[in-house]
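**Q** The sequence shown begins at 107 in the numbering used here and counts up by one. C-beta atoms are modelled at their ideal positions from N, C-alpha and C, and glycine is treated no differently. The structure under discussion is supplied below as structure tokens; questions concerning it will follow.
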Amino acid sequence: MRGLRRERVELKTPEQIALMRRSGLLLHRVHDALEEAIRPGVTTKELDQLAERMIRDAGATSNFKGYMGYPATVCISVNDVVVHGIPDDQALAEGDVVSIDGGCIVEGWHSDAARTHIVGSPRRQADVDLVQITEQALWAGIAALATAQRVGDVGAAIEDFVTEAAGETLSHLEDFGGHGIGSAMHQPPDVMNYRTRSRGPRVRPGMCVAIEPMLIQGPGGYRIEADDWTVRTTGGGRAAHWEHSVAVTAQGLVVLTAADGGAARLAELGITAAPDPLQG
Ligand code: MF3
Ligand code: CO
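Following this line, the structure appears as structure tokens:
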């Protein structure tokens, strides 16, 4: 629940973070397979079935399916849908902007990650910029977490990055943001994508959060459709969404849903990632 002053943050042991890394790595592989499968003509339901099969074959389960009645394994949000699009028989077309958000549970431990793709070609330059700036905003937020005193420093860094990179051309999706993650998909603390009055709880080893900027071309207005899920822009602008689940450890950060634990991207930003919990 939002707005409570002192919600308890679940601090994970190194063993629990290793299980979350297994969950995150499986999710990374699912996202790679989805990325590979995206092409003009494929339906969003076909992509959902691929994700469902991969998670099941790995002996894991989906944390999205059944969550507050959500009917699918992943959310697929096309063009002016920002988040929570429900997979259906819509075939993807050249140039579509497609955000896929998914998660899984391994031995009780959750992961959550999103990527945005552009289908085939041609690609509008404005869409390429949107997708790239959103992805870079995610990494700016992750980098900020590495040195943050408080969780709110992440949102401040994302806001500053987006203002610098996009000026007024892109807007944040308001009211939505990231969250703690662990033995449940959504936990305290909230991880907003912009500066808030409260700077939030202190960042400590064992804290795990999902960071997820969502950006829209033009003004940021949205409405939720009759299915109670689909979040669509009111201005018609297209949207992008990138998300990683990240662990804070005594040795530094582990980007749980990145192949290399975030090592390469963090190094570019001057930060040394923690050793991979599964490598010893
Ligand atoms: N991944 C979404 C979030 O980021 C949650 C989706 S809710 C679901 O927090 F019901 F669609 F699964
Ligand atoms: Co999330």
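1) As a quick exercise: from 130, 307, 216, 323, pick the residue whose alpha carbon is nearest that of residue 203.
2) Following a CB-centred definition, is residue 194 positioned closer than 7 Å to any heavy atom of ligand 1?
3) Could you check which residue in 122, 142, 124, 179 has the C-alpha nearest to that of residue 151?
4) Per DSSP, residue 321 forms a beta bridge with which residues?
5) Beta-carbon separation of residue 241 and residue 335 under 8 Å?
6) Hey, is residue 174 close to ligand 1, as in C-beta under 7 Å from one of its heavy atoms?
7) Assuming residue 251 and residue 352 form a contact by the criterion Cβ under 8 Å, report the distance between their Cβ atoms to the nearest whole angstrom.
8) In whole angstroms, give me the CA-to-CA distance for residue 267 and residue 376.
9) Nearest to residue 269 by alpha carbon, out of 239, 136, 308, 119?
10) Under a three-way DSSP split, which group does residue 234 fall into?
11) Can we count residue 134 as close to ligand 1, meaning its CB is less than 7 Å from some heavy atom?
12) Could you check whether the Cβ of residue 318 sits closer than 7 Å to any heavy atom belonging to ligand 2?
13) Given residue 276, which residues of its chain have a CB within under 7 Å of its CB, disregarding the five upstream and five downstream residues?
14) Please name the residue in 143, 174, 209 whose C-alpha comes closest to that of residue 132.
**A** Answer, in terms of the structure:
1) The count along the sequence shown starts at 1 and reaches residue 203 at position 97. For residue 203, the nearest C-alpha among the options comes from 323.
2) For the purposes of this step, residue 194 is taken as residue 88 along the sequence shown, with counting starting at 1. No, since every heavy atom of ligand 1 falls outside the 7 Å radius drawn around the Cβ of residue 194.
3) To locate residue 151, count along the sequence shown from 1; it is residue 45. Ranking 122, 142, 124, 179 by Cα distance to residue 151 puts 179 first.
4) Position 215 of the sequence shown, counting from 1, holds the residue named residue 321. Per DSSP, 278, 346.
5) Taking the sequence shown and counting its residues from 1, the one referred to as residue 241 is at position 135. Taking the sequence shown and counting its residues from 1, the one referred to as residue 335 is at position 229. In this structure, residue 335 does not lie closer than 8 Å to residue 241 by Cβ.
6) As a working mapping, residue 174 is identified with position 68 in the sequence shown. Residue 174: yes, Cβ under 7 Å from ligand 1.
7) Locating residue 251 in the sequence shown gives position 145, counting from the first residue. Locating residue 352 in the sequence shown gives position 246, counting from the first residue. The Cβ separation is near 6 Å, so the contact holds.
8) Taking the first residue of the sequence shown as 1, we reach residue 267 at position 161. Taking the first residue of the sequence shown as 1, we reach residue 376 at position 270. In a straight line, the C-alpha of residue 267 is about 16 Å away from that of residue 376.
9) As a working note, residue 269 is residue 163 in the sequence shown. Checked all of 239, 136, 308, 119; the closest Cα to residue 269 is 239.
10) Counting from 1 along the sequence shown, the entry for residue 234 is found at position 128. In the structure shown, residue 234 sits in a helix (DSSP, three-state: H, G or I).
11) Residue 134 sits at position 28 when you count from the first residue of the sequence shown. Taking 7 Å as the cut-off, the C-beta of residue 134 does not count as close to any heavy atom of ligand 1.
12) Numbered from 1 along the sequence shown, position 212 holds the residue referred to as residue 318. Yes, ligand 2 has a heavy atom inside 7 Å of this Cβ.
13) Counted from its first residue, the sequence shown places residue 276 at position 170. Once the five neighbours on either side are set aside, the close Cβ partners of residue 276 are 236, 239, 268, 321, 322, 323.
14) Counting from one through the sequence shown, the residue named residue 132 turns up at place 26. When only C-alpha atoms are compared, the closest one is 209.
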